[in-house]
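Asks:
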Amino acid sequence: MTAITKPPVFVVLQLTGGNDYLNSVVPYTDPYYYDNRKGTLRVEAEDVLKLDAEFGLHPCMKPLHEIYERGDMAIIHGVGYPNSPRSHFRSMDIWHTCEPDTVGTEGWAARAIRELDPEGENPVTGVNIGQALPRALVLPGVSVASVADLSSYGLLTGIEVEEKRTRLLQRFANMYGKAIGTGAVNDYLARTGLDALSGADILKRGLASYESTIEYGTDEISRAMRDIATIHTADVGTRVFYTQLIGFDTHAAQQPTFERLWTEVSRAISDFWDDLREHDADDNVVLFLFSEFGRRVRDNGSGTDHGAAGGCFVMGPSVAGGMYGTYPDRKPESLDQGDMIPNQDFRGVYSTILEDWLQLDSIPIVNGHFEKPRFIQSAPTELSSV
Amino acid sequence: MSTNPDIALMAHLMRRAGFGTNREELEQLTEQGYEETVEQLVDPPSSIPGADQYELFRYMPSLETGGPNPVPGAANLLYHMVNTQRHLEEKMAFFWHHVFATGNSKVDNDQNLTIQLDMFREHGMGNYRDLLIRLSQSPAMIYWLDNNENHKRSPNENWGRELLELFSLGVGNYTETDVFECARAFTGWTINPKIPRTPYHRFAWSYSFRPEEHDYSEKTFLGHVGNFNGDDIIDIILQQPACSRFIARHLYNFFVADEAQVPAWDIEPPRDPEAIDLLAGTFVDSGYELRPVLRVLFNSDFFKEARFKKVRSPVEVVVGALRTTGDLQGPDPRLVAIAQEPSHMGQALHNPPSVEGWQTGRDWINSGSVVKRINFVADQVSNTELPGVQKLVQRVLVSSDNQIKEEDLVDRCLDLMGPLEISEETRRELIAYVEAEGPVKISPDNGHDTEQRVADMLALIAATPEYQFG
Numbered sequence: 043m044t045a046i047t048k049p050p051v052f053v054v055l056q057l058t059g060g061n062d063y064l065n066s067v068v069p070y071t072d073p074y075y076y077d078n079r080k081g082t083l084r085v086e087a088e089d090v091l092k093l094d095a096e097f098g099l100h101p102c103m104k105p106l107h108e109i110y111e112r113g114d115m116a117i118i119h120g121v122g123y124p125n126s127p128r129s130h131f132r133s134m135d136i137w138h139t140c141e142p143d144t145v146g147t148e149g150w151a152a153r154a155i156r157e158l159d160p161e162g163e164n165p166v167t168g169v170n171i172g173q174a175l176p177r178a179l180v181l182p183g184v185s186v187a188s189v190a191d192l193s194s195y196g197l198l199t200g201i202e203v204e205e206k207r208t209r210l211l212q213r214f215a216n217m218y219g220k221a222i223g224t225g226a227v228n229d230y231l232a233r234t235g236l237d238a239l240s241g242a243d244i245l246k247r248g249l250a251s252y253e254s255t256i257e258y259g260t261d262e263i264s265r266a267m268r269d270i271a272t273i274h275t276a277d278v279g280t281r282v283f284y285t286q287l288i289g290f291d292t293h294a295a296q297q298p299t300f301e302r303l304w305t306e307v308s309r310a311i312s313d314f315w316d317d318l319r320e321h322d323a324d325d326n327v328v329l330f331l332f333s334e335f336g337r338r339v340r341d342n343g344s345g346t347d348h349g350a351a352g353g354c355f356v357m358g359p360s361v362a363g364g365m366y367g368t369y370p371d372r373k374p375e376s377l378d379q380g381d382m383i384p385n386q387d388f389r390g391v392y393s394t395i396l397e398d399w400l401q402l403d404s405i406p407i408v409n410g411h412f413e414k415p416r417f418i419q420s421a422p423t424e425l426s427s428v
Numbered sequence: 398m399s400t401n402p403d404i405a406l407m408a409h410l411m412r413r414a415g416f417g418t419n420r421e422e423l424e425q426l427t428e429q430g431y432e433e434t435v436e437q438l439v440d441p442p443s444s445i446p447g448a449d450q451y452e453l454f455r456y457m458p459s460l461e462t463g464g465p466n467p468v469p470g471a472a473n474l475l476y477h478m479v480n481t482q483r484h485l486e487e488k489m490a491f492f493w494h495h496v497f498a499t500g501n502s503k504v505d506n507d508q509n510l511t512i513q514l515d516m517f518r519e520h521g522m523g524n525y526r527d528l529l530i531r532l533s534q535s536p537a538m539i540y541w542l543d544n545n546e547n548h549k550r551s552p553n554e555n556w557g558r559e560l561l562e563l564f565s566l567g568v569g570n571y572t573e574t575d576v577f578e579c580a581r582a583f584t585g586w587t588i589n590p591k592i593p594r595t596p597y598h599r600f601a602w603s604y605s606f607r608p609e610e611h612d613y614s615e616k617t618f619l620g621h622v623g624n625f626n627g628d629d630i631i632d633i634i635l636q637q638p639a640c641s642r643f644i645a646r647h648l649y650n651f652f653v654a655d656e657a658q659v660p661a662w663d664i665e666p667p668r669d670p671e672a673i674d675l676l677a678g679t680f681v682d683s684g685y686e687l688r689p690v691l692r693v694l695f696n697s698d699f700f701k702e703a704r705f706k707k708v709r710s711p712v713e714v715v716v717g718a719l720r721t722t723g724d725l726q727g728p729d730p731r732l733v734a735i736a737q738e739p740s741h742m743g744q745a746l747h748n749p750p751s752v753e754g755w756q757t758g759r760d761w762i763n764s765g766s767v768v769k770r771i772n773f774v775a776d777q778v779s780n781t782e783l784p785g786v787q788k789l790v791q792r793v794l795v796s797s798d799n800q801i802k803e804e805d806l807v808d809r810c811l812d813l814m815g816p817l818e819i820s821e822e823t824r825r826e827l828i829a830y831v832e833a834e835g836p837v838k839i840s841p842d843n844g845h846d847t848e849q850r851v852a853d854m855l856a857l858i859a860a861t862p863e864y865q866f867g
């Protein structure tokens, strides 16, 4: 067996709130699209960034279009699951736990982390960049470092004198070390505390070693993507990164909000890949974008309401670029309560990533067998033998 | 210096029956006596003030209105928790927010959650029959569990099922037929037509009973046959032994010691069966009144002995720290941001993860939440400008000569941070830390430095494993 010298790394960017897929990947020859979208909520055919003779990206996504042209981006149409509840929370929960019928508690990405690091040897195998841990990363026994802002991450960061903080943290390590073996809950707490401490140390060393010529934007998603690049290029063994951008719930004033968000996202992603290339650290990374649902086909005058089918974007040098699946039909008779009907189960998309990229058995992670779109062209074993 | 056992017991009571309190109030309550304090918590006279919500709305009107966003409502709830003197009333409102877990994630009209919390505050220690009927008529709950979709000709079972499974009996104590019959009895319990919302503004909903939607025909429910309406169903539920045991287990899990998570209750026996029998028996004997059950609970030995047996919930961590330090009193623009702190630790107010409420106990702990819990409390207690911290520091720095022994500094801080019970190993580490930093001198020249020494110790105590329990 060929040794894997560069383990595959997976980055999730969650677009929270329900991204309007119709205005992201615009069916610019479809009269039904133009029947339903008026005023500022339609993208004219001459403005789209063409992907082919039928579909084009929103004009604010120019950097993403360049990635697509390079052959490094897969677009998967019609992603969702049956009986979309159109609730943010419930939908996000389903994406996070792969349990569309019952309320699940185990995060799918956390299950993947458990498989990648069964003994929990590295406290930064999974890293979340954001304030709260998304449920996708929640699983008892799996430690995930959750970093709001890498530059200020750590324990007792309010102690300003650095030497004093170091001495306090030494005591912290002693106290938690001694608590191991004093009962089940204490044991768990103690190990978690020590993981938090060593995780913060590892990430801090990563931050200290990071240098780059790329100048990211100052917005939230740019900072998050730079933090991910920082940790990834430090080579500390992180295999799963997770971050999110909130704000896609555009019931009103969609046009300026959507354009701002996607302008930021597109630039942040483009900078991220430039940064990774500069560090020769891009070929073992796959970046995955999803949103909990798409939005209603017909606009409401200034925005769009909750819908069903959406789509995913997957990027990286190992991705076989192009469009996958069938864009759901926009004819009025083909819609369900005004929404496009999903035709690709999201768990199939996860399965591709888990099996073809991370080399894991997907069935216990996504709770079943689902049709996989084949958007990974070079598996990590082949990568390392090149 | 030894800890006063009466203060330690009172601190335990106030952590559990409230969100903790400052040292002055602890001493005053200890003086008043334990049983008298329990009585005052369980049945507070109207002279004890709650938080003044209307003052909050005058200063921060944006917190009053509903909308898609739970953030203003969470700030309002935090304001109550930090400012009320009716400790148990607020803790019980929070208890019901956990048991009758309703989330704005679906309700999408947060003012209804605030109205529901007001109802829990007013009736949360009253009669359980009354509370369940009010809950059945709570617009937030009706929408959350789809009872507005529960029609005579097409019953929707969601509310009927959760009423039995999560709000009264628990899995294994009813059949699928009972669920269906229960749902039929609640047909027509709905909300009035909504005033059309705008994307970013909502109007509160109101309850309505619609006779034309109600199924008046015969139902068979838990062995009883009749033309039952929803209130008849609640009467039958209350007669079930499973109901009193279910409430007893919830109260035990919340106020005494961490139990297995609710869905496991039909498999996992209670950790203290006698305690459950006592609470359940009191509940039945009193005609489903909650005050007598709470009175028995807080006066019991099993409660008094359960110190530091529960992992503090994120809300308890945040509110407990704020009440200790005296920060965030009254309307304060920082309420909105600080009300999100529990959410960053895994407990979003007005947004429990599901109708099952939050996963409690050790599930509060992960390496992300540990960092946030410790840092929040450490930042609070090491800020010597906060009034409560200043008082703690002055209490620690009382000395007849110009130096404080290292272990006295540690023990006094531990006493004031709880009193917190810690292992001998942890205590040795704390003392070793102080010793390594040099003698603690009290003189006018190094006043601030000495205060900071105390503040650093308070921060380190907040970081101990033991402090994670309450």
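In order, the protein sequences belong to chains F and H.
Under our numbering, the first residue of the first sequence is numbered 43, with each subsequent residue one higher.
Under our numbering, the first residue of the second sequence is numbered 398, with each subsequent residue one higher.
Note that CB positions come from ideal geometry on N, CA and C, so glycine has one too.
Tell me, which residues are paired with P69 (chain F) by DSSP?
Replies: Looking up residue 69 (chain F) in the first sequence gives position 27. Answer is F:F97, bridged to P69 (chain F).
Asks: Does A860 (chain H) get closer than 9 Å to chain F when you measure Cβ to Cβ?
Replies: If you number the second sequence from 1, residue 860 (chain H) lands on position 463. Taking Cβ atoms only, chain F reaches closer than 9 Å to A860 (chain H), which makes this a yes.
Asks: Along the chain, where does the beta strand (DSSP E) that runs through K769 (chain H) open and close?
Replies: Numbered from its first residue, the second sequence carries residue 769 (chain H) at position 372. Unbroken run through K769 (chain H) is the alpha helix (DSSP H), 764-778; no beta strand (DSSP E).
Asks: Tell me whether E671 (chain H) sits in a helix, a strand or coil according to DSSP, three-state version.
Replies: As a position in the second sequence, residue 671 (chain H) is number 274, starting the count at 1. Correct three-state label for E671 (chain H): helix.
Asks: So C579 (chain H) packs on L560 (chain H), CB below 8 Å; how close in whole Å?
Replies: Reading the second sequence from its first residue, position 182 is the one you call residue 579 (chain H). Reading the second sequence from its first residue, position 163 is the one you call residue 560 (chain H). That belief holds up - the Cβ atoms of C579 (chain H) and L560 (chain H) are roughly 6 Å apart, short of 8 Å.
Asks: Below 7 Å CB to CB, which residues in the same chain sit around Y195 (chain F) once its five sequence neighbours on both sides are set aside?
Replies: Sequence index remark: in the first sequence, residue 195 (chain F) carries index 153 (1-based). If the five residues before and after Y195 (chain F) are omitted, its C-beta is found closer than 7 Å to the C-beta atoms of V189, A242, L245, all from its own chain and listed in chain order.
Asks: When the cut-off is 9 Å and only beta carbons count, does H494 (chain H) lie next to chain F?
Replies: Counting from 1 along the second sequence, the entry for residue 494 (chain H) is found at position 97. Not one chain F Cβ lies under 9 Å of H494 (chain H).
Asks: Select from the stretch 105-135 of chain F all residues with a C-beta closer than 8 Å to any C-beta belonging to chain H, and list them in chain order.
Replies: S129, H130, F131, R132, D135
Asks: Can you give, in chain order, each stretch of the alpha helix (DSSP H) that sits fully within the stretch 612-675 of chain H and has at least 4 residues?
Replies: Correct list: 627-636, 638-652.
Asks: Run through the DSSP bridge pairs and tell me what W556 (chain H) is partnered with.
Replies: Residue mapping note: residue 556 (chain H) aligns to position 159 of the second sequence, counting from 1. According to DSSP, W556 (chain H) bridges with nothing at all.
Asks: Please state the DSSP three-state secondary structure of A116 (chain F).
Replies: For the purposes of this step, residue 116 (chain F) is taken as the residue at position 74 of the first sequence. Strand at A116 (chain F).
Asks: Does the contact criterion of 3 or more C-beta pairs under 8 Å hold for the stretch 727-740 of chain H versus the stretch 490-508 of chain H?
Replies: no
Asks: Under the three-state reduction of DSSP, which class applies to R337 (chain F): helix, strand or coil?
Replies: If you number the first sequence from 1, residue 337 (chain F) lands on position 295. R337 (chain F) falls in the strand class under three-state DSSP.
Asks: Can you tell me whether G149 (chain F) is buried or exposed, with buried defined as 16 or more other CB within 10 angstroms of its CB?
Replies: Against the first sequence, residue 149 (chain F) aligns to sequence position 107. Counting Cβ neighbours within 10 Å, G149 (chain F) comes out buried, since at least 16 surround it.
Asks: Whether or not the stretch 811-825 of chain H and the stretch 440-450 of chain H are in contact is what I'm after, with contact meaning three or more pairs of Cβ atoms, one per stretch, closer than 8 Å; do they touch?
Replies: no
Asks: Suppose contacts are defined by Cβ-Cβ distances below 9 Å. Is R509 (chain F) in contact with V180 (chain F) by that definition?
Replies: One cannot answer for residue 509 (chain F) here, as it falls past the ends of chain F, which runs 43 to 428.
Asks: Helix, strand or coil for H293 (chain F) per DSSP?
Replies: Position 251 of the first sequence holds residue 293 (chain F). DSSP, read as helix, strand or coil, puts H293 (chain F) in coil.
Asks: Pull up the distance between the alpha-carbon of S427 (chain F) and that of D313 (chain F), whole angstroms please.
Replies: If you number the first sequence from 1, residue 427 (chain F) lands on position 385. If you number the first sequence from 1, residue 313 (chain F) lands on position 271. With a pLDDT of 43 at S427 (chain F), under the threshold of 50, the predicted position of this residue should be treated as unreliable, though the coordinate-derived value follows. Rounded to whole angstroms, S427 (chain F) to D313 (chain F) spans 28 Å at the Cα level.
Asks: Mind pulling the chain H residues with CB within less than 8 Å of Q173 (chain F)?
Replies: The residue given as residue 173 (chain F) occupies position 131 in the first sequence. Within 8 Å Cβ-Cβ: Q737, S740, H741.
Asks: Roughly how many angstroms lie between the CA atoms of V807 (chain H) and T847 (chain H), to the nearest whole one?
Replies: Counting from one through the second sequence, the residue named residue 807 (chain H) turns up at place 410. Counting from one through the second sequence, the residue named residue 847 (chain H) turns up at place 450. Roughly 13 Å between the two C-alpha positions.
Asks: Give me the DSSP bridge partner(s) of G463 (chain H).
Replies: Within the second sequence, numbered from 1, the residue matching residue 463 (chain H) stands at position 66. BP columns for G463 (chain H) point to H:R599.
Asks: Ignore the nearest five residues each way along the sequence and tell me which others in C102 (chain F)'s own chain have a CB closer than 6 Å to its CB.
Replies: As a first step, residue 102 (chain F) must be located in the first sequence, where it is residue number 60. Counting only Cβ-Cβ distances below 6 Å, and skipping sequence neighbours, we find E301, W304, T305.
Asks: What would DSSP say about C102 (chain F), mapped onto helix, strand or coil?
Replies: In the first sequence, the residue the question calls residue 102 (chain F) occupies position 60. In this structure, C102 (chain F) counts as helix in the three-state DSSP scheme.
Asks: Going along chain B, which residues have a C-beta under 7 Å from F214 (chain F)?
Replies: The structure shown has no chain B; the protein chains it does contain are F and H.
Asks: Does the Cβ of S751 (chain H) have 16 or more other Cβ atoms within 10 Å, making it buried, or fewer, making it exposed?
Replies: Taking the second sequence and counting its residues from 1, one reaches residue 751 (chain H) at position 354. S751 (chain H) is buried by the Cβ-count criterion.
Asks: As a quick exercise: from F:E262, F:D317, F:V121, F:D261, pick the residue whose alpha carbon is nearest that of V356 (chain F).
Replies: For the purposes of this step, residue 356 (chain F) is taken as the residue at position 314 of the first sequence. For the residues F:E262, F:D317, F:V121, F:D261, the minimum Cα distance to V356 (chain F) belongs to F:V121.
Asks: Nearest by alpha-carbon distance to F332 (chain F): which of F:A323, F:D316, F:I288, F:N326 is it?
Replies: As a first step, residue 332 (chain F) is located in the first sequence; it is residue number 290 there, counting from the start. Among F:A323, F:D316, F:I288, F:N326, the Cα nearest to that of F332 (chain F) belongs to F:I288.
Asks: For Q482 (chain H), tell me which candidate among H:N545, H:L423, H:W586 has the shortest Cα-Cα distance.
Replies: As a first step, residue 482 (chain H) must be located in the second sequence, where it is residue number 85. Looking at the Cα atoms, H:L423 is the closest of the given residues.
Asks: From the DSSP output, which residues share a beta bridge with A187 (chain F)?
Replies: Counted from its first residue, the first sequence places residue 187 (chain F) at position 145. Answer is F:V169.
Asks: Counting only C-beta atoms, is Y649 (chain H) closer than 9 Å to chain F at any point?
Replies: In the second sequence, counting from the first residue as 1, residue 649 (chain H) sits at position 252. Closer than 9 Å: no.
Asks: When you compare the CB positions of V690 (chain H) and A645 (chain H), do they come within less than 9 Å of one another, or not?
Replies: As a position in the second sequence, residue 690 (chain H) is number 293, starting the count at 1. As a position in the second sequence, residue 645 (chain H) is number 248, starting the count at 1. In this structure, A645 (chain H) lies closer than 9 Å to V690 (chain H) by Cβ.
Asks: Taking Cβ-Cβ distances shorter than 8 Å, what residues in chain H pair up with N228 (chain F)?
Replies: The residue labelled residue 228 (chain F) in the question sits at position 186 within the first sequence. Within 8 Å Cβ-Cβ: P862.
Asks: When you compare the CB of M382 (chain F) with every CB in chain H, is at least one pair closer than 9 Å?
Replies: Working through the first sequence from its first residue, we reach residue 382 (chain F) at position 340. It does not: the Cβ of M382 (chain F) has no partner Cβ on chain H nearer than 9 Å.
Asks: If we call anything under 9 Å between Cβ atoms a contact, is V166 (chain F) one with I273 (chain F)?
Replies: By 1-based counting over the first sequence, the position of residue 166 (chain F) is 124. By 1-based counting over the first sequence, the position of residue 273 (chain F) is 231. Yes; because the gap between Cβ atoms is below 9 Å, this pair is in contact.
Asks: For N409 (chain F), which three-state DSSP category applies?
Replies: On the first sequence, residue 409 (chain F) is found 367 positions in, with the first residue counted as 1. Residue state, collapsed to three classes: coil.
Asks: In terms of residue numbering, what span does the alpha helix (DSSP H) encompassing S240 (chain F) cover?
Replies: Residue 240 (chain F) sits at position 198 when you count from the first residue of the first sequence. That run of the alpha helix (DSSP H) goes 226-251.
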